[in-house]
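Its first residue numbered 112, the sequence shown is counted upward by one per residue in this note's numbering.
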Amino acid sequence: MHHITAVITKQNGKQRLGRGFSPTELKKAGLNKQDAKKMGIPQDIKRKSAHDENIATLKAHAEKAKAEAAAKPKTPKIEPTPKPKKKAKS
């Protein structure tokens, strides 16, 4: 999966890259902490704001990740072969 970053809009209108997405943005995008961690989405628990651009980015990224997961063929689980039992000494 590609690395995505949050965009922070400052008071003067300029934008900068953020440390991660706020919990509010994750919630509005329909993701929880565990889903975000599995997808490699950075989280910034100190942030409280929610920007519409970031929510749209998260939704698009989540849809793309779900499509890729559905397209991947599931690999069968390989079970270990049982070890032969040792003969008891008499």
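C-beta atoms are modelled at their ideal positions from N, C-alpha and C, and glycine is treated no differently.
Query: Three CB pairs or more closer than 8 Å across the stretch 153-163 and the stretch 173-184; Result: no
Query: When 200, 195, 154 are compared against residue 115, the one with the closest alpha-carbon; Result: 154
Query: Inter-residue Cα distance where the pair is residue 143 and residue 149; Result: 10 Å
Query: Residues sharing a beta bridge with residue 128, DSSP; Result: 118
Query: CB contact check: residue 199 to chain D, cutoff 9 Å; Result: Annotation note: the requested chain D is absent from the structure, which comprises a single protein chain.
Query: Bridge partners - residue 154, DSSP secondary structure assignment; Result: 132
Query: Boundaries (first-last residue) of the alpha helix (DSSP H) holding residue 175; Result: 163-182
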